[in-house]
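Reading through the structure tokens given below for one structure.
Protein chains in written order, with our numbering: chain A, 1170 to 1272; chain B, 112 to 599; chain C, 26 to 538; chain D, 0 to 177; chain E, 303 to 951.
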């Protein structure tokens, strides 16, 4: 089982789906942020899995994964900054209440 | 990593340095905007020169992950002018709202580096990173008026959906990489070439990857049904930022498409042709139909920018339909769209100089009387957006349509749809003209003074808008070189 | 004849417009007279061209070619044959007349008005002279914007609705035409091994259409697109409803140009492009178009009968009269074509004059409701006489220009099918009906209470107004007695078009037996 | 000490067990992240989830990634998140609804998504590359500094930009409501 | 000589232009110029006519080419004139009566504010009429055709303040247009089949042996005839002429009695060969002619407006002429055209003089007993009435009798019979008119009564001058019957047609059939007169009788339907009003509704519909990120699905 790429990929897919669910369903900006982190990690898992199963990819895999982590970090920074900024204006982290821009 | 490499990526380095320099200047002379502005614009000038120079020696760096060719140069210069113009338009808007210009410029230039990287990168990973580097500053800029709740709201929507789509895109990227075994565009293309030539079957996994990537990109260019962020983000953002967002990231995303879908996945175009056709039709139509009902000019222009994405997609579709001209048309349209749209937003920004002025249609009532020049320029940009000759917008449309007609088949119908859309679009563009020249303002607003930078920018955009329509030949050769550089 | 005369004619107004743009806003008269000067200059140049034109010489004259977008073989190519010459002179003439006629009525934003008017002239002249499809399209669209502004800014109370309707309607047609133009150009390029050279050059395209001919599919599609664009401009039933609105709202001079020139763009397009490039398609669609023309003829006349608004009445009369043009074109008969061209010219003169006259009364009463007027003959005899003159010309009274064109078209249609001629001729009755009735209600009877209230403002025609109408009246008489002046000029055009259609001998079969 | 390759009697490889356990933990905690009412607990669950993921990386033979995962995520990001949570915590917040009105369609689409991915994965023939190979950390560094210089630089710029902007946005200025 | 021919119409044209431009200044002197030019062109006309009739122009007349009018490729019409004997005869009639009417108008219009305008119009008419007569090409005829229509329009509506006048003018023009449509189509047919519009050339081509025409000759002939029906007010287009009496009386005399209304007759006579080759068409002409004759005669019975009686009488006389043409009595038709021109002109001018005397009163019920008060008018009018009634040896007798005679001898007995009855009716209503106007007790308004006086010289002299030909013309050119001067003149014109039609040309035999026919017609006339005397009285030197209104009452009571029918002109006006004004108006209104609601509605509908759709699509943008995200997720699913499908195939 740990011998089958499928297992890893399915696992990552699952994580990705869960993340997307969180993103679609949660109201709190920060939990949406966390969901995105989940999704990014799902991708990382896939990448690592590819790396560990395909010879050619092995060295690159780790690097790419690292990059992805870094990107995730950057996104998180920006995201949290924005969240805080809007929180200052709206006094609520609940995204579905930010709907003065519409139609 | 050789000296040659350094020369090749010198524009990039220069850009980063400019960004840093701007910040330093600001630290040195805090609160004064002229030095920062000067640094930024001069720096951009240098970057442009370097780009031109580097463009003379096409080649690759970093083992083929960074390519300099006609396309790169063309796009880079386009991006630089976009950023320069945005910086020119910004101060008049930011200062009254006491928002600093330095950070603005710096962040913007960081975004520029991202865009330039996209234009140049021939490596999937680099592409992704570059994309992030382009959009992350975008999120920040959208929220730049941080005490304005609308700005931040638009920003957070933009950010959340943006990173959602990034995740999706990345997922697809991972699969494509995993199945082709390389991040190098060339290798990927070769790998897929086998598949296209029937050497191997297109595996579902790869298809999945393609689907995810397409979705991610479609989001970035704001194609329907992935466009939702556009109106809100555009309306919320500070107007100069909106102007930038409406062209910079869009053209950037198209650059990504060129590098990725054309460069890497070109051999599979038969597979994504249908998808692009559908996307194009949907995008044009929805964008225009909704724009018809908007009373806020910024929001209206947001929807119109969606529609223009649709027109550009027609070019892409024509390419997928087997016509090199499609790419040329796409590039030409991109350039034309850039200047006319930036110009239009610049006028809106100029009108909003006084804080508190909304961008609703009523703001434009009587503008033709109040500030005739501004009114006339706005009319020019709107006519160009409509596609009335002799303007850039017209020629861009004609070019794209020509490509579509050449490709024939379903694309002819797409061309007709595009034209009907253009006709419908005329309604809302001209409505602004109606307000400017044929309606009297409800409350008499006094005319305002605008900075020289703004005027300079407006003249540049308007002159280009006309020239690109009257004398398209020069740009024409440029874009055809660019398209050829991409190969087909 | 020096080269560049056509460019001169086309762009002198533009120069004028630019000059006006730099004139001080607070000196409207400067703008007025500069505009008039520019228009008159253009007119003189056009007359100069007219003199230099050799009717016997076949093909295009004064041709000017310069590469514009070589990548697609798009050229800046101007040239004139009889048809263009006639219509260009008509344009330049009506333009200065309209500008003169706007001196009084247009009191605000004079600068902008004059600029739009001159740019409008650029577009119109360009359309008639362009020999490159792409260039033609550009001029075609250029016409749109100034007219949009003229109606929208200086128009009546409901102007915005009218002008937007006008623009959108026209745009739908023209944009599809653009697709057709591009498709045609591409088809040419495709047939010439990917060589773009000459792909939009009308003469080469015509030659191609005459020899190899475009594929049927393309012809049918492209012709349809062209047809839509032109039919909307003319306008043909059922695409005509923008016209009454536009006319009612437009300022007088706007209506004059609209009726006098813009409607002709459609007819010109048919004769110059649609027929020569897509002859087979033209023949295929001809019956339908003929039927539509007949409907337009009779329907327009009948609807005009019950119009309460003077301008609307004239507008519908235009729909009816332009029916003769399309009919004359699509019966593919020599007489028909001659008649159609003549009818375009005459309609330009007569309807233009009628709109000027409507403007005269509107300026005094600020009303155009026929019901409110009556007995004008007593108060304004000269006006009544002039109006009567043009009214009769419009009725098609022999001896005045209106008659000849109509009759030629009718003769042609008779040769095509007596039944068609029979139906078309019925219009003679309806036309007389609505025009005479209108005239009776306006000018006969006792002076109405409404006009009494106007009192002393209800003056007879002023010198300026007379000045604008005298040239038109003269031309109406001259062309009525010596239509040959026009017919000789367009001989070449007619022959080449009919040769292209391979139908030049249609009427011959009935001869000499 | 060394364990036998395979667990006696039930003939399952150790790392498989480990994999299963970690996977279970990961999925479970992930679910908690997206479902828990109290957002602070969500944050903690996320840390758990990432920990488990790190474990899986190790099994997959990417220790370096695993390490970074622990450092960056469990270290930096999670803390950042928690800070953000503190900053934006309103008294009323946890009391309110956790889920959007569209939780159900969200769930459905998530399931579909997982389904499609699974199907695609299953349907794909990984041209017999499912023979795992051991990896050496040394190789990575090498690759990183030869082939991936450019990306590396970019990432740094990216972070720089993010920080500058982030600082600007988060900075509290006079006139801001506190 | 050519130049003279050109001058004949040119002079009145000049008169029109000059009077039109400067008339306002000339004011009361306006007539000098106008009358002057007409007199001159009369002189010229006389010279030309004399030359023509004495064979000065040879067998095939004199042709004058002015210029190529419409050179449209194969279609080439030239403006030119053509004089042969027929033209000459017409010239005489038109110029003579025209001149006299001009003179007469000087007096009649003396006090009218639009004095100069009137003369301008009259000149315009003279010009148009002369062109019509002289024209050598069908299209030029058509031009003149419309121009006379125009001048008649202007003159009928001369008193434009009067609504009835304006309406009558419009009616006249439009009804004429209906005929013109036919004429125009006829012209097209002729051109399409012959390639020329020169009258003689084209007809030769049409009728040449073995000529093949796309449309039957009869149809062409009838189309041409349609035009004639319009101008000459033949049933069913007769309705405009009575209303045309709204115009000043000189106009009625000149245009609506003596000249313009004869244009139709002239046209048919001019194209005689065409008709001769289309017997069916001839039959129709005869039928319509004779029917019009009796129809309008019957209406004339009960009209009380003196001018309307004359108008209907004109109709019925025109009917005679067409009947004559129809039966192939070409010469007789032209003969009657001439005589009728003179005596009907006379009668109208007389009626004008009467109206003048009783201060613009036209209703005969308010006249009576005027004989002594206005003797000259009375005398001349009596002559006119006798002439029209066909009592030998006055002009009317010869022409009318010739028509009837030839109708009978050419085998159209029914035409002859109806004609005979009409002759009697004519005599009756004419003397009813005389009785009501001049004889019996005066019913004139008390205020007016004392001021009644004879018209001035300038008016009476023309009357006398017209009376002379009304008496003598028949004897001069019509005697011996069927062999008089006129026959000599017109023989070359109609010879071929007669040959073709094979009409009988036996010598006139007073003591044969002709005598009987004469007897019959004279009896009919006398009968009519006597009945009129018995009912409406008479005051002549020998016999005198009081009118019997009560007997009139009795008779009308006995045949109420016929009476009302006659009184209401057989309801034609009402019928047309219903058809064209009411129903037509409805249709027009309906079409306009269609235009606004359906055609334009669709256009606007598309616009509004698009907006609506946009409004709906807007709703998608809820402003909630999660909704957007869901949308994207769904899009992603679809995208993935479609990709999988695409690659699966």
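Just so you know, even glycine gets a beta-carbon here, dropped at the ideal spot from N, CA and C. Since the model is a prediction, treat every value here as computed from it, not as a measurement.
> Does residue 1192 (chain A) have its Cβ less than 9 Å from a Cβ in chain E?
Replying inline: yes
> At what residues does the alpha helix (DSSP H) containing residue 104 (chain C) begin and finish?
Replying inline: From DSSP, residue 104 (chain C) is part of no alpha helix (DSSP H) but of the beta strand (DSSP E) over 99 to 105.
> If you compare alpha carbons, which of C:172, C:313, C:178 and C:332 is closest to residue 258 (chain C)?
Replying inline: C:172
> Which stretch, first to last residue, makes up the beta strand (DSSP E) that contains residue 89 (chain C)?
Replying inline: 86 to 94
> Is the shortest distance between the beta-carbon of residue 1270 (chain A) and the beta-carbons of chain B less than 9 Å?
Replying inline: yes
> Straight-line CA distance for residue 1254 (chain A) to residue 263 (chain B)?
Replying inline: Distance between the alpha carbons of residue 1254 (chain A) and residue 263 (chain B) is about 7 Å.
>> Report the CB separation of residue 391 (chain B) from residue 941 (chain E) in whole angstroms; it is logged as a contact under 8 Å.
In response: Residue 391 (chain B) to residue 941 (chain E), Cβ: 14 Å. No contact.
> Who are the near neighbours of residue 1237 (chain A) in its chain, counting only those whose CB is closer than 8 Å to its CB and skipping five residues on each side?
Replying inline: 1209, 1212, 1213 and 1216
>> Strictly below 8 Å CB to CB, what residues from chain A border residue 25 (chain D)?
In response: 1180 and 1184
>> Measuring alpha carbon to alpha carbon, tell me which residue in B:590, B:242 and B:464 is nearest residue 276 (chain B).
In response: Comparing alpha-carbon positions, the option among B:590, B:242 and B:464 lying closest to residue 276 (chain B) turns out to be B:242.
> residue 133 (chain B) touches chain D at which residues, Cβ-Cβ below 9 Å?
Replying inline: In chain order: nothing, as chain D lies at least about 10 Å away.
> Whole-angstrom Cβ separation of residue 147 (chain B) and residue 567 (chain B), contact assumed at under 8 Å?
Replying inline: Wrong, their Cβ atoms sit about 17 Å apart, outside the cutoff.
> Closer than 9 Å, CB to CB, is residue 418 (chain B) near chain A or not?
Replying inline: It does not: the Cβ of residue 418 (chain B) has no partner Cβ on chain A nearer than 9 Å.
> What residue from D:164, D:59, D:152 and D:30 has the CA that sits closest to residue 1176 (chain A)'s CA?
Replying inline: D:59
> Start and end of the beta strand (DSSP E) containing residue 339 (chain B)?
Replying inline: Per DSSP, residue 339 (chain B) belongs to no beta strand (DSSP E) and is neither H nor E.
> residue 290 (chain B) to residue 154 (chain B), Cα distance in whole Å?
Replying inline: 42 Å
>> Which of the three DSSP states is assigned to residue 712 (chain E) in this structure?
In response: coil
> Is the shortest distance between the beta-carbon of residue 257 (chain B) and the beta-carbons of chain D less than 9 Å?
Replying inline: Cβ-Cβ to chain D under 9 Å: yes for residue 257 (chain B).
> Are the C-beta atoms of residue 432 (chain C) and some chain E residue less than 9 Å apart?
Replying inline: yes
> Under a CB-based cut-off of 9 Å, is residue 118 (chain D) close to chain E?
Replying inline: yes
>> Between the alpha carbons of residue 459 (chain C) and residue 889 (chain E), how many angstroms are there, rounded?
In response: For residue 459 (chain C) and residue 889 (chain E), the distance between alpha carbons rounds to 14 Å.
> For residue 346 (chain B) versus residue 413 (chain B), is the C-beta distance shorter than 9 Å?
Replying inline: yes
> Does the beta-carbon of residue 85 (chain D) have 16 or more other beta-carbons within 10 angstroms, so that it is buried, or is it exposed?
Replying inline: The residue in question, residue 85 (chain D), is exposed, as its Cβ has fewer than 16 Cβ neighbours within 10 Å.
> Is there at least one Cβ from chain A nearer than 9 Å to residue 110 (chain D)'s Cβ?
Replying inline: Chain A, which has a Cβ nearer than 9 Å to the Cβ of residue 110 (chain D), makes this yes.
> How should residue 94 (chain D) be labelled, buried or exposed, when 16 other C-beta atoms within 10 angstroms of its C-beta is the threshold for buried?
Replying inline: Bear in mind that a pLDDT of 46 at residue 94 (chain D), under 50, signals an unreliable position, so the number given afterwards is only what the model happens to contain. Label assigned to residue 94 (chain D): exposed.
> Which residues in chain E sit within 8 Å of residue 1252 (chain A), going by Cβ to Cβ distance?
Replying inline: The premise fails here: residue 1252 (chain A) is roughly 12 Å from chain E at the closest Cβ pair, so nothing lies under 8 Å.
> Going by Cα to Cα distance, which pick from C:362, C:29 and C:508 is closest to residue 74 (chain C)?
Replying inline: Nearest neighbour of residue 74 (chain C) by Cα position, chosen from C:362, C:29 and C:508, turns out to be C:29.
> In the structure shown, what three-state DSSP assignment does residue 980 (chain E) receive?
Replying inline: Since the first residue of chain E shown is 303 and the last is 951, residue 980 (chain E) is not available in this structure.
> Rounded to whole angstroms, how far is the Cβ of residue 624 (chain E) from the Cβ of residue 670 (chain E), which I believe are closer than 8 Å?
Replying inline: About 35 Å separates the two Cβ atoms, so there is no contact after all.
>> Between the alpha carbons of residue 388 (chain C) and residue 486 (chain C), how many angstroms are there, rounded?
In response: 11 Å
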